[in-house]
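730 is the number that the numbering used here gives to position 746 of the first sequence; each next residue is one higher, with no gaps. Virtual Cβ for every residue (Gly too), placed ideally from N, Cα, C. A quick write-up on the structure given underneath.
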Amino acid sequence: MQSIYNPKEIEKKVQDYWFGNKSYEVVPNKNIEKFYCLSMFPYPSGNLHMGHVRNYTISDVLARYHRMLGKNVLHPIGWDAFGLPAENAAIDNNLSPNDWTISNIKNMREQLKSLGFSYDWSREISTCSEDYYKWEQWFFIQLFKKKLVYKKESLVNWDPVDKTVLANEQVIDGKGWRSGALVEKKKISQWFLKITEYSEELLQELKEIEEFWPDNVVTMQKNWIGKSNGAELYFDTTIDQNISIGVFTTRPDTIFGVTYIALAADHSIIENCNSSIKKFSEGILNSKDTRKTENKEINGIFTGLFAIHPITKKKLPIWIANYVLTGYGTGAIMGVPAHDTRDYDFAKKFNLEIIKVIDGGQKDNEVYTGNGKLINSKDFNNINSELASKSIIKYLEELNIGKAVSNYKLRDWGISRQRYWGCPIPIIYREDGEVMPVEQDELPIKLPQDVDFSKSGNPLDNHPTWKYTKCAKTGLNAVRETDTLDTFFESSWYQARFCSPNDTDNMIGEDANYWLPVDMYIGGIEHAVLHLLYARFFHKLLRDQKLLKTNEPFKKLITQGMVLKDGSKMSKSKGNTIDPKKLIDKYGADTVRLFVIFAAPVENSLEWSDHGVEGSYKFLNKLWNTGFVLNENKITPNEISTIDEKKLKIFVNKAIIKTNDDYCNRVSLNTVASTCMEILNNIQKCILSNNVSYATLFDSYVTLLKILNPITPHICKEISDSLNINDINNWPKIDEKYLTEDTMLLVIQVNGKVRKKVEIDANLNQNAIEEIIFTYDEVRKYTIDKNIKKIIYIKGKLVNIVVS
RNA sequence: GCCGAUGUGGUGGAAUUGGUAGACACGCUGUCUUGAGGGGGCAGUGGCGAAUGCCGUGCCGGUUCGAUUCCGGCCAUCGGCACCA
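The structure is reproduced here in structure tokens:
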């Protein structure tokens, strides 16, 4: 063993061993407990950044720990390789998106390897490869057949200069980020996936995972799905006996307070209106601020039409209002100005009647949105809101003019992108007008490689030949769909593909039912809603396609915090980035791994500290030097202290229990690292005092190496090889003999204040302790001449004397 | 506005079921080693105080023998949603 710690040399050596031995390749084995550990796969931007390092270190540490427990651990990696940056790079550097992506992957793969992550590299997948997206196309066709995908007109951000659709984040101050042209709203026909059919399931099945997921993520998902319970009721109109208006309300108890009906600007009733009103509603539809803004003025117009109140039979004016949303509920509401702030503002502006029907102790001219006793509500007076809602729904149902209904905020998932670098949607438009999925044996529909980015617009659409084809069945001329899929499509099922990544006959093989669900999923909080919701949705789709058996893809979720420098996010524009490669060159991968684990709890943000990295490096040097000393076997104490000997053993044994809990149950990795530092400090102290046997020091050191092994695997392997330790990859066993101490540290309090700490025989009973405590001056001082009311004894820890 | 989370030394953080607040580390101070620098060793390091000691986990109050931990109110920071009837 060398006297100097040389990370560069040993890490290369150890990594060569792992790759040469295929140490981390796994196959299903029903006799062994499995553990599927996954980090969110990266977009191959070209270089690893510290956020990646942190994310992948956490999952690697957990994968290695669970392997040490004897589990069959799947820990794969791949590339979320489709997406816009590749197209931008293609335009800027005149490279093909494919070449750019592949060279980035090559570079990042090397960086991942240099960090010693224990991936099963035989399972590496890349979403831009035909083997992967072929199955996506296949699945799209299955969904098409089940009518779970459909096409509809939808608004997009349109850059009129580049003739391209922009993502929201590409619109800066209303202008296209590249062209600077004023962005327009444009309606184009796009593909949608019916996630709304699974709204209730996505909500209900959160119950299976909510105890294992961070609360905030579960809450965000619930809010996003946005279920609200209420009723749909129907108002007859004076237009025609057969025309009625349905409204959705969560407050059926306020039905007697309805004074008008308000419609969204695209409601079908508007067809019955005169041209000036139609013009008004078109104005609302085309207005720039379709979303709420602070200064958006409430606006509306009376249609000249009336509805009939279903119970009182009163005539109610029908208005068009810009605050009524299209696409939520029925696109029409009942206006109850006394008990809804928006309705109140509207009624005030247009002088509409306000009828108070809930008594909440509010003054006249005050909106009250809470619950209370009903007033002015005929048979329902004096009933409380909640009960009244139920009774009124029941009453309406009996009369066949309403029913209990739940609504969801969740909208269908728009999956079309007017882009080149994505998975082509396998649809053809035949000359006879039919929209057809392509035949299975035509899959995959490959992206053409010879594309021209110099023209504006979608390169697939511009390609001279690609989109022209013939229907395989009829021979009729056809054009291909030139939209590609949203890249969230790829990342929604990769966790299942990792289970059988090389299966050429199936999208997902039988192995998935061994490995799934993912036991530990680690990634950024920024994916709390979209990616995690889509992946959960996809899992259910795959289950209903009989490809999977479980309901949920990810059992346990950890959202790791951001890596910050000087309190803010690292970014190229700020020039405050830290290059992991340089750090690894300087200190080695183990130091970087140790630092990101030690510096903060996994879910917290991590403030970068060059000093902190130095500290981690120093620790590994100390670890190495201690190993070197033990290797030389120079320790020959002349006198052995049985007390210190036992103390060290007990400390180490307790540390095994603590760190096991930290790794396994708490996922508190920073405290594993600090406990390891304590063990080493203790060992060094014992070496210095030269009164502990070599065997005890050696055993303690071996235990330390094992506990630390998941975090800094290179140095641990190298040292253990040098010291001929052959079971470094097994979690250390506890020696029951060394868990209880002979003495205990008793804390003596008087009235809750610590007055004395004393090391006493651990076997003393309460009576003996109550006697002993009064022998100390520090205690007597506060108890003499005082009336002792009671003495509270917490076994093995603390005694509190209560005096008056 | 609504929902959620967090608040502990100069800094990152620890204290897992109510039981020694500040583990571990960074930084800092002193000191030894060295020609010097780096590196390393040892000692110290929440605040106030000469000191027995007092104060101290965002602020105010409560429960308790005892509260960083539980309860109520407030403040601040961060995050999510934001016309969803």
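- Message: Looking at Ser830: is its Cβ nearer than 8 angstroms to the Cβ of Asn391?
- Response: Because the chain spans -15 through 788 in this model, residue 830 falls outside it and cannot be assessed.
- Item | Residues that DSSP places opposite Arg401 in a beta bridge | Thr468
- Message: Classify Ser648: buried if its beta carbon has 16 or more other beta carbons within 10 angstroms, exposed otherwise.
- Response: With the sequence shown as reference, residue 648 is identified as Cys, and Ser is not the correct amino acid for it. Answer is exposed; the Cβ neighbour count stays below 16.
- Query: Where do the N-terminal and C-terminal ends of the alpha helix (DSSP H) with Ile377 fall, by residue?
  - Reply: 369 to 382
- Query: Going by C-alpha distance, which of Asn675, Ile172, Ile377 is nearest Ile239?
  - Reply: Ile377
- Message: At the level of alpha carbons, what is the spacing between Trp397 and Gly313?
- Response: 18 angstroms
- Item | Spatially closest choice to Asp563 from Ser173, Gln(-1), Pro(-9), Gly35, by CA coordinates | Gly35
- Task: Using only alpha-carbon positions, find the residue among Phe232, Asn609, Leu150, Lys147 that is nearest to Cys700.
- Result: Asn609
- Item | Residue from Lys721, Glu108, Ile229, Lys774 whose Cα sits closest to the Cα of Gln733 | Lys774
- Message: To test your reading of the DSSP string, which unbroken beta strand (DSSP E) runs of 3 or more residues are found completely within the stretch 112 to 190?
- Response: 133 to 143, 148 to 150, 168 to 177
- Item | Pair within 8 angstroms by beta-carbon distance, Pro537 and Tyr117 | no
- Query: Which two residues bound the contiguous alpha helix (DSSP H) that contains Glu350?
  - Reply: Run containing Glu350: none; DSSP gives neither H nor E here.
- Query: How would you label His595, buried or exposed, when you count the other beta carbons within 10 angstroms and need 16 or more for buried?
  - Reply: exposed
- Near Asn283, which residues of its chain fall below 6 angstroms by C-beta distance, leaving aside the five closest residues on each side in sequence? Asn306
- Item | Cβ contact (3+ pairs, closer than 8 angstroms) linking the stretch 279 to 299 and the stretch 220 to 238 | yes
- Message: Using a 10 Å radius around the Cβ and a threshold of 16 neighbouring Cβ atoms, would you call Gly780 buried or exposed?
- Response: exposed
- Item | Bridge partner(s) assigned by DSSP for Ala388 | Ala215
- Say whether the stretch 661 to 678 touches the stretch 699 to 716, bearing in mind that this needs 3 or more beta-carbon pairs closer than 8 angstroms, one atom from each stretch. no
- Message: Going by DSSP in three states, Glu423 sits in which element: helix, strand or coil?
- Response: coil
- In three-state terms, what does DSSP make of Glu702? helix
- Message: From the DSSP secondary-structure annotation, give me the bridge partner or partners of Ala316.
- Response: Leu247
- Verify the contact flag: His323, CB atom, against every heavy atom of the ligand PLP, threshold strictly below 7 angstroms. Judged by which ligands are present, the structure shown has none, so any question about the ligand PLP falls away.
- Task: Return the first residue and the last residue of the alpha helix (DSSP H) that Cys660 is part of.
- Result: 653 to 673
- Message: Please return the same chain residues whose Cβ sits closer than 8 angstroms to the Cβ of Ser183, not counting the five positions on each side in sequence.
- Response: Ile209, Lys211, Tyr392, Leu394
- Query: If we ignore side chains and look at the alpha-carbon of each, how far apart do Ile568 and Asn91 end up?
  - Reply: 15 angstroms
- Task: Go ahead and pull the three-state DSSP assignment for Glu9.
- Result: coil
- Helix, strand or coil at Tyr20 according to DSSP, with G and I counted as helix: strand
- Task: State buried or exposed for Leu371, treating a residue as buried only when at least 16 other CB atoms are found within 10 Å of its CB.
- Result: exposed
- Item | Beta-carbon separation (whole angstroms), Leu150 vs Val167, contact threshold 8 angstroms | 6 angstroms
- Query: Looking at the unbroken beta strand (DSSP E) that takes in Met204, where does it start and where does it end?
  - Reply: Met204 -> not in any beta strand (DSSP E); alpha helix (DSSP H) instead, spanning 199 to 209.
- Task: Tell whether a beta-carbon distance below 8 angstroms holds between Ala246 and Gly319.
- Result: yes
- Message: Suppose the cutoff is 8 angstroms on Cβ atoms and the five residues either side in sequence are ignored; what does the same chain contact list for Lys606 look like?
- Response: Leu664, Gln668
- Query: How about Leu632 and Ser684: do their beta carbons lie closer than 8 angstroms?
  - Reply: yes
- Proximity below 8 angstroms, CB of Ile285 to CB of Ile254: no
- Per the contact definition of three or more C-beta pairs closer than 8 angstroms, is the stretch 416 to 434 in contact with the stretch 497 to 514? no
- Within the stretch 543 to 580, note down every full beta strand (DSSP E) run reaching 3 residues or more, in order along the chain. 547 to 549
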